[in-house]
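K.L.:
I'd like to ask you about the structure that follows.
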Amino acid sequence: MAKTLPFTGSGVAIITPFDGNTTNYDALGELIDWQIEQGTDAIIICGTTGEASTMPDAEHLAAIEYTVERVAKRVPVIAGTGSNETAHAIELSKKAEELGADGLLQVTPYYNKTTQKGLIAHFGAIADAVNIPIILYNVPSRTGVNISIPVLKELAKRDNIVAIKEASGNISYTAQVAAEVPELYIYSGNDDMIVPVMSLGGKGVISVLANVMPKETHELCKAYLDGECTKATKMQLDLLDLVNALFIEVNPIPVKTAINLMGKNGGNLRLPLVDMADDTLAKLKAVMAKHSLI
Numbered sequence: 010m011a012k013t014l015p016f017t018g019s020g021v022a023i024i025t026p027f028d029g030n031t032t033n034y035d036a037l038g039e040l041i042d043w044q045i046e047q048g049t050d051a052i053i054i055c056g057t058t059g060e061a062s063t064m065p066d067a068e069h070l071a072a073i074e075y076t077v078e079r080v081a082k083r084v085p086v087i088a089g090t091g092s093n094e095t096a097h098a099i100e101l102s103k104k105a106e107e108l109g110a111d112g113l114l115q116v117t118p119y120y121n122k123t124t125q126k127g128l129i130a131h132f133g134a135i136a137d138a139v140n141i142p143i144i145l146y147n148v149p150s151r152t153g154v155n156i157s158i159p160v161l162k163e164l165a166k167r168d169n170i171v172a173i174k175e176a177s178g179n180i181s182y183t184a185q186v187a188a189e190v191p192e193l194y195i196y197s198g199n200d201d202m203i204v205p206v207m208s209l210g211g212k213g214v215i216s217v218l219a220n221v222m223p224k225e226t227h228e229l230c231k232a233y234l235d236g237e238c239t240k241a242t243k244m245q246l247d248l249l250d251l252v253n254a255l256f257i258e259v260n261p262i263p264v265k266t267a268i269n270l271m272g273k274n275g276g277n278l279r280l281p282l283v284d285m286a287d288d289t290l291a292k293l294k295a296v297m298a299k300h301s302l303i
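If you count the sequence shown from 1, position 128 lands on 137 in my numbering, and the numbers rise without skipping.
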């Protein structure tokens with residue numbers, strides 16, 4: 010039986026606008042509406058870019074609830090509900106499902122980490138607790154854990170583990186996933202690798218770039234999916250300097266800064282993230298000006 014694909018194209022890993030120590034829901038709503046108007050294919054709330062790791066559970070779940078209500082079924086909503094404690098991830102995931110999320114993004118356990126055997130137990134327990142589609146999130150640069158191909162094969166046996174957000178930056182690994190675990194759909198987790206991942210069968214991207222260029226990121230993915238590979242490749246390369254600038258400091262520091270520079274309300278960063286250094290800020294502004302964002 011074919012698995013249910015949560016979305017194709019550009020899913021924005023949306024920032025969370027903070028006003029001091031609280032979420033600014035009016036600002037979040039404006040960003041959500043703008044994203045959908047610009048063609049974004051899905052909203053991913055409370056991911057890395059959304060600073061979910063700094064959000065208490067009540068705030069985390071309130072952000073998911075607000076997003077589901079604001080989106081109002083216009084596009085799918087994917088909720089980040091991962092944790093390095095399995096019971097905590099299960100609790101967040103069950104509540105996100107109850108709140109109406111269309112899918113879940115599940116990062117590998119970080120800091121305490123686990124073995125490959127532990128990954129099967131962790132993700133398996135979460136999958137058993139919910140019915141909506143789960144996207145695994147492989148980002149070893151942040152978590153110190155890479156999901157092995159044998160583990161992916163085992164996890165892919167579960168009907169509701171449907172895809173992987175592949176952010177290892179290792180195109181050889183991505184190719185291996187595509188070749189050996191065809192049951193799993195693949196999303197690029199890196200904006201500089203959207204076209205390379207889609208060339209291996211990827212279905213789109215979970216994107217930081219889309220926060221500032223939603224229309225272009227959607228069009229890049231659509232071009233590739235429509236068979237306009239040369240157009241998509243040109244767009245990928247034309248946006249490379251901006252993608253690099255958005256990662257000139259730890260994400261989401263630059264992208265949140267960029268949104269504020271564009272005159273939108275991205276709010277403040279939450280400690281331990283801090284404002285950009287003067288030299289990197291100047292570089293970000295220069296690239297944004299080149300792309301007519303400021």
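No residue lacks a Cβ here, since even glycine has one placed at the ideal position from N, Cα and C.
Being a predicted model, the structure only gives us computed values, none of them experimental.
1) Compute the Euclidean distance between the alpha carbons of Lys299 and Cys55, then round it to the nearest angstrom.
2) Locate the alpha helix (DSSP H) running through Gly38, then write down its first and last residues.
3) Taking the alpha helix (DSSP H) that Ile326 belongs to, which residues open and close that run?
4) Could you tell me the distance, in whole angstroms, from the CA atom of Val221 to the CA atom of Ile87?
5) Along the chain, which unbroken stretches of the beta strand (DSSP E) at least 3 residues long are found entirely within the segment 150 to 226?
6) Check whether the segment 237 to 247 touches the segment 264 to 273, counting contact only when three or more Cβ pairs, one atom from each stretch, lie closer than 8 Å.
7) In the DSSP assignment, the alpha helix (DSSP H) including Val296 goes from what residue to what residue?
8) Just verifying my parser: in three-state terms, what is the DSSP assignment at Asp284?
9) Excluding sequence positions up to five away, which residues of its chain have a Cβ less than 8 Å from the Cβ of Gly133?
10) For Asn147, which three-state DSSP category applies?
11) Please tell me whether Val296 and Asp250 are closer than 7 Å, where the distance is taken between their beta carbons.
12) Taking the alpha-carbon of Asn93 as reference, which of Gly112, Asp111, Lys82 and Gly153 has the nearest alpha-carbon?
13) Among all the DSSP beta bridges, which residues are the ones paired with Gln115?
14) Whole angstroms are fine: how far does the CA of Glu78 sit from the CA of Lys103?
15) Taking DSSP as the reference, what is the three-state secondary structure of Val21?
16) Would you kindly report the start and end of the unbroken beta strand (DSSP E) that includes Ala88?
17) In this structure, how does DSSP classify Asp247 when only helix, strand and coil are distinguished?
18) CB-CB under 7 Å to Asn121, same chain, minus the five flanking residues each way: which ones, in chain order?
19) Quick one: what's Asp28 bridged to in DSSP?
20) Whole angstroms are fine: how far does the CA of Met244 sit from the CA of Asn199?
21) Where does Asn253 sit, in a helix, a strand or coil, going by DSSP?
22) Between the Cα of Ser301 and those of Ala267, Leu278, Val204 and Thr123, spot the shortest distance and give me the residue it belongs to.
23) Do you know offhand how far Tyr196's Cα is from Thr58's?
24) Out of Met202, Val186, Tyr182 and Asn179, which has the shortest C-alpha to C-alpha gap to Val171?
25) Nearest CA to the CA of Val206: which residue from Glu68, Cys230, Asn269 and Ala219?
P.N.:
In short:
1) 30 Å
2) Note, Gly38: alpha helix (DSSP H), Tyr34 to Glu46.
3) Absent from the structure is residue 326, since the part of the chain shown begins at 10 and ends at 303.
4) Cα to Cα, Val221 sits roughly 19 Å from Ile87.
5) 170 to 175, 194 to 197 and 213 to 216
6) Below 8 Å, too few C-beta pairs join the segment 237 to 247 and the segment 264 to 273 to call them touching: fewer than three.
7) Asp287 to Lys299
8) coil
9) So the qualifying residues of the chain are Leu164 and Arg167.
10) strand
11) Yes, the pair counts as a contact, with Cβ atoms nearer than the cut-off.
12) Gly153
13) Leu145
14) In this structure, the CA atom of Lys103 is about 17 Å from the CA atom of Glu78.
15) In the structure shown, Val21 sits in a strand (DSSP, three-state: E or B).
16) Start and end: Val86 to Gly89.
17) Collapsing the DSSP output to three states places Asp247 in a helix.
18) Taken in chain order, the residues that qualify are Asn93.
19) Thr31
20) 15 Å
21) helix
22) Taking the Cα of Ser301 as reference, the smallest distance to any Cα among Ala267, Leu278, Val204 and Thr123 is reached at Ala267.
23) So the alpha carbons of these two residues sit roughly 16 Å apart.
24) Val186
25) It is Cys230.
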